[in-house]
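Each residue of the sequence shown is one higher than the last, beginning at 1245 in our numbering. Before any comments, here is the structure.
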Amino acid sequence: MDFEYTQSEQNFRSEVRQFLDENLPAATDKGPVFMKHWLKKVREKRWVGFSWPKSVGGGGGNIMEQVILKEEMSARKAPPLGTCMMGLAWVGPGIIQYGTEEQKERFLPDILDSKYHWCTGYSEPNVGSDLAALQCKATRDRDEYIINGTKIWTSLAPFASWISMLVRTDNFGETDNKHDGITALLVDLSTQGIDIKPIENMAGGKVFAQIFFDNVRVPIKNRLGEEGNGWAVTISSLANERSSIGEVAGLYTKLEKLTDLLSTSKWNGQAAITDKKIRRTLGRFEAKIEAMRLNGLRYLTKQIKGEPLSSETSVNKLHRAELEVEMGDFAVEKLGEAGLQLRNQEDAVRTGYWATDSLNWPTVVIGGGTPNIQKNIIAERILGLPKD
Ligand SMILES: Cc1cc2nc3c(=O)[nH]c(=O)nc-3n(C[C@H](O)[C@H](O)[C@H](O)COP(=O)(O)OP(=O)(O)OC[C@H]3O[C@@H](n4cnc5c(N)ncnc54)[C@H](O)[C@@H]3O)c2cc1C
């Protein structure tokens, strides 16, 4: 691991800092007018889709430049570089790798311009961890597929315009390997036969939905990759961003908020931050985040050497899930009754951030694969333990 930065990397860091000085107001007012200006500016810099090749409108940034950009943006708590989250994270990279020229021209500029949201349709009511058992079916009718079935827990579906989804195009059980016969489709959510039913989570948010497909016709030109190759398309798209720099920055911000909260609250009749046990817990959280950061640097070193990342990223995924829950629970406990007030409720401490945060644990714990599944991966693929 080499911790030194080259001259050109240092120059790039200065460029980012200067841009932030000039374009990021210190005031907290970052409303729609500011966001419009911000998105235009970062797009001009080609920092939206910074890791994408220049030939498709991206920034062509190398891995270290991507890290520097993320570090500087999170240090200044800058707004996101583009608002089409799923499009930038994996739908776009999937299209770059597997899409036709027509798909690239049609979808990539819209993702970079934050025109609309994409969502991802993998999970079904009986299919989650064992994704390859999916049953939502697409049958071929000349130059169209006809989709029937349902997807669930689809984040952002209530606001999205398009879905990148997996369907079964063979008869289940026809092939020996259930990964075969899965196909990736890009589907316009305004197509006839699609019904999106939002699901409210326990913190009161309505960000995901169940989607029903009833004889939905999709042109074959909207297929991503070959028919039956959807598994490979998914795996390589999801492998795109895994070095956990974003998560570590988010955890440090959360620790800052927690420290700030305890600096202004009382515990056992004295300032909470002076309590020995509380200080020890905060120290333990910091050590855990730092361990995650250093582990992330190991992944980064591999990426710089051009080696693909695989099972090792499950370590940070598992570690982060535990830590987020621990930190949220700790804050709510220390707030006592006030810790039960949800966001925007009257009298909520710090506008209910901690109560809402602690009820949102499924996002980091279940979304993207449960802890049990991460443990299986670590046990089987890293530690080499037997499957049964
Ligand atoms: C906030 C949030 C956002 C989400 N967003 C999306 C999205 O945008 N798109 C999408 O497609 N899906 C999304 N999901 C769904 C998510 O991917 C699934 O919930 C997850 O993969 C688990 O699947 P499941 O809910 O069917 O649970 P199951 O797979 O049925 O698991 C139930 C329990 O059994 C355990 N288990 C299952 N298999 C094993 C095993 N082999 N060994 C040991 N234990 C096992 C699990 O760990 C879990 O505790 C989201 C979920 C959440 C909570």
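Cβ atoms here follow ideal geometry from the backbone N, Cα and C, with glycine treated the same way.
Beta strand (DSSP E) segment containing residue i, residue limits
i: V1431; result: 1426–1432
i: S1405; result: 1404–1412
i: D1458; result: 1452–1463
i: E1185; result: The first residue shown for the chain is 1245 and the last is 1632, placing residue 1185 beyond what the model contains.
i: R1625; result: R1625 -> no beta strand (DSSP E), and no H or E assigned at all.
i: K1381; result: 1381–1385
Pick from the options that is closest to residue i, judged by C-alpha positions
i: K1422; options: F1247, K1314, L1502, G1472; result: G1472
i: T1634; options: F1457, S1408, D1414; result: Limits of the chain in this structure are 1245 at one end and 1632 at the other, which puts residue 1634 out of reach.
i: R1290; options: D1357, E1346, I1340, L1268; result: D1357
i: L1378; options: I1312, A1428, I1438; result: A1428
i: V1371; options: G1613, I1621, R1528; result: G1613
i: L1502; options: I1626, E1624, L1579; result: L1579
i: F1403; options: K1631, M1329, R1524; result: M1329
i: K1546; options: F1529, N1255, K1274, M1308; result: M1308
i: N1616; options: G1628, V1559, E1577, D1573; result: V1559
i: K1284; options: Q1341, F1256, N1267, S1299; result: N1267
i: S1554; options: E1624, R1528, Y1496; result: E1624
i: P1369; options: E1315, I1443, K1561; result: I1443
i: K1561; options: K1549, K1619, Q1254, Q1514; result: K1619
i: K1381; options: K1321, L1313, N1459, Q1341; result: N1459
i: G1303; options: R1524, I1522, F1256, W1475; result: F1256
i: D1385; options: S1509, K1549, R1461; result: R1461
The alpha helix (DSSP H) enclosing residue i, as first and last residue numbers
i: R1287; result: 1276–1288
i: P1269; result: From DSSP, P1269 is part of no alpha helix (DSSP H); its letter is neither H nor E.
i: Y1597; result: 1597–1603
i: M1308; result: 1307–1319
i: T1557; result: 1557–1579
i: W1475; result: 1474–1482
i: D1439; result: Per DSSP, D1439 belongs to no alpha helix (DSSP H); it is in the beta strand (DSSP E), 1438–1443.
i: T1364; result: Segment 1361–1365 is the beta strand (DSSP E) holding T1364; no alpha helix (DSSP H) there.
i: E1470; result: Taken as a continuous stretch (DSSP letters only), E1470 belongs to no alpha helix (DSSP H), as it is neither H nor E.
i: N1539; result: 1520–1548
i: F1247; result: Looking at the DSSP string, F1247 is not in any alpha helix (DSSP H), and its letter there is neither H nor E.
i: G1338; result: 1336–1342
i: D1354; result: 1345–1356
Buried/exposed call for residue i, threshold 16 Cβ in 10 Å
i: R1467; result: buried
i: M1446; result: exposed
i: E1531; result: Position check: residue 1531 holds Ala in this sequence, whereas Glu was assumed. A1531 should be labelled exposed.
i: L1601; result: Note that residue 1601 corresponds to Asp in the displayed sequence, not to Leu. Burial call: buried.
i: I1407; result: buried
i: V1277; result: exposed
i: S1367; result: buried
i: A1270; result: exposed
i: Q1251; result: exposed
i: S1373; result: exposed
i: I1479; result: exposed
i: P1552; result: exposed
i: F1351; result: buried
i: A1565; result: buried
i: G1628; result: exposed
i: L1538; result: exposed
i: G1513; result: exposed
i: Q1310; result: buried
Proximal residues to residue i (C-beta, below 7 angstroms), its chain only, five neighbours per side dropped
i: P1463; result: D1387, E1388
i: W1397; result: S1367, F1452
i: G1343; result: L1468
i: D1632; result: none
i: W1511; result: D1519, I1522, K1578
Contacts around residue i, its chain only, beta-carbon distance under 6 angstroms, and the 5 residues preceding and following it disregarded
i: L1325; result: V1286, W1291, V1292
i: I1440; result: A1401, A1453, I1455
i: W1282; result: P1323
i: Y1360; result: S1405
Integer-rounded CB distance, given that residue j should sit under 8 angstroms from residue i
i: S1481; j: W1334; result: 4 angstroms
i: I1426; j: R1412; result: 6 angstroms
i: G1365; j: K1395; result: 4 angstroms
i: E1568; j: W1605; result: 7 angstroms
i: F1294; j: G1305; result: 4 angstroms
i: G1540; j: V1492; result: 6 angstroms
i: E1556; j: Y1543; result: 7 angstroms
i: P1323; j: K1274; result: 6 angstroms
Residues near residue i in its chain [Cβ-Cβ closer than 8 angstroms; skip 5 each side]
i: M1317; result: V1260, L1264, L1325
i: W1598; result: L1505, G1572, A1575, V1576, L1579, G1583
i: G1490; result: K1314, S1318
Any non-hydrogen atom of ligand 2 within 8 angstroms of residue i CB
i: I1622; result: For ligand 2, the structure offers nothing, since it holds only ligand 1.
Chain B within 9 angstroms of residue i, Cβ atoms only
i: D1354; result: Among the chains in the structure shown there is no chain B, since it carries only a single protein chain.
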